[in-house]
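To start, the structure itself, in structure tokens.
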Amino acid sequence: MAAPPPGVGGPPGDNFVATLRYADGSVATLTYTVSGRKRKDLGKERCEAHWDGKTFVIDDYIRSFGSGCSAGAAGGRRSKGHWEELAALADYLAGRGPVPLPIEATLRATEQSFAVDAACRGAVAPEVSAS
0 MAAPPPGVGG
10 PPGDNFVATL
20 RYADGSVATL
30 TYTVSGRKRK
40 DLGKERCEAH
50 WDGKTFVIDD
60 YIRSFGSGCS
70 AGAAGGRRSK
80 GHWEELAALA
90 DYLAGRGPVP
100 LPIEATLRAT
110 EQSFAVDAAC
120 RGAVAPEVSA
130 S
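So, in structure tokens, the structure goes:
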């Protein structure tokens with residue numbers, strides 16, 4: 000966990016780096032910070048995935064690009080997929096579609112987020128199944 004820069008307050012956990020280790024030996028590193036500069040030419044959010052010599056990047060939920068994998072896309076509007084997730088859930092509940100996400104994956108993601116939150120608050124993070 001990192002201390003916030005001068006003039007930027009917030010509760011513990013507003014700036015952290017967490018590393019998750021998976022049973023197959025892979026790792027995920029999560030970085031969250033509120034201390035970045037607010038510039039319009041820099042995206043607010045970024046996701047990078049690296050595997051098997053390939054890289055895929057989602058930049059501020061507006062464009063995506065990759066190396067060694069399928070081409071990305073540039074869009075005109077920011078979309079995190081929240082409305083699409085709600086629509087898929089509504090379709091499932093109405094009997095018009097499949098389960099949007101397996102409950103096991105949803106529970107694992109929730110357990111992992113609780114473990115990261117506990118670690119940010121200084122508690123010993125429990126071991127969580129990440130597979």
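For the sequence shown, numbering that gives the first Met the number 0 assigns the number 0 to the initial residue and increments by one for each residue that follows. Don't be surprised by glycine CBs; every beta carbon is placed ideally from N, CA and C.
Exercise. Considering only C-alpha positions, which residue in the set 77, 54, 50, 68 is nearest to residue 60?
Worked result: The residue you call residue 60 lines up with position 61 of the sequence shown. Nearest C-alpha to residue 60: 77.
Exercise. With respect to the alpha helix (DSSP H) encompassing residue 110, which residues constitute its N-terminal and C-terminal limits?
Worked result: Locating residue 110 in the sequence shown gives position 111, counting from the first residue. Looking at the DSSP string, the run of the alpha helix (DSSP H) that includes residue 110 is 102–119.
Exercise. Cα separation between residue 90 and residue 109?
Worked result: Counting from 1 along the sequence shown, the entry for residue 90 is found at position 91. Counting from 1 along the sequence shown, the entry for residue 109 is found at position 110. Their backbone Cα atoms lie some 23 Å apart in a straight line.
Problem set entry | C-alpha gap between residue 49 and residue 119, whole angstroms | Here residue 49 corresponds to residue number 50 of the sequence shown, with the count starting at 1. Here residue 119 corresponds to residue number 120 of the sequence shown, with the count starting at 1. Using only the alpha carbons, I get a separation of about 25 Å.
Exercise. Candidates 52, 31, 113, 39: which alpha carbon is nearest residue 46's?
Worked result: Translated into the one-based positions of the sequence shown, residue 46 becomes position 47. For residue 46, the closest C-alpha among the options 52, 31, 113, 39 is that of 31.
Problem set entry | Whole beta strand (DSSP E) elements within the region 38–68, 3-residue minimum | Complete beta strand (DSSP E) runs here, min 3: 45–50, 53–58, 62–66.
For this session: Look at the alpha carbon of residue 41 and the alpha carbon of residue 107, and state the distance between them as a whole number of angstroms.
Result: Against the sequence shown, residue 41 aligns to sequence position 42. Against the sequence shown, residue 107 aligns to sequence position 108. Distance between the alpha carbons of residue 41 and residue 107 is about 32 Å.
For this session: Give the straight-line distance between the Cα atoms of residue 99 and residue 67, rounded to the nearest whole angstrom.
Result: Indexing the sequence shown from 1 puts residue 99 at position 100. Indexing the sequence shown from 1 puts residue 67 at position 68. Looking at the two C-alpha atoms, the distance is approximately 28 Å.
Problem set entry | residue 93 to residue 87 span [Cα, whole Å] | Position 94 of the sequence shown, counted from the start, is the residue given in the question as residue 93. Position 88 of the sequence shown, counted from the start, is the residue given in the question as residue 87. Whole-angstrom Cα-Cα distance: 10 Å.
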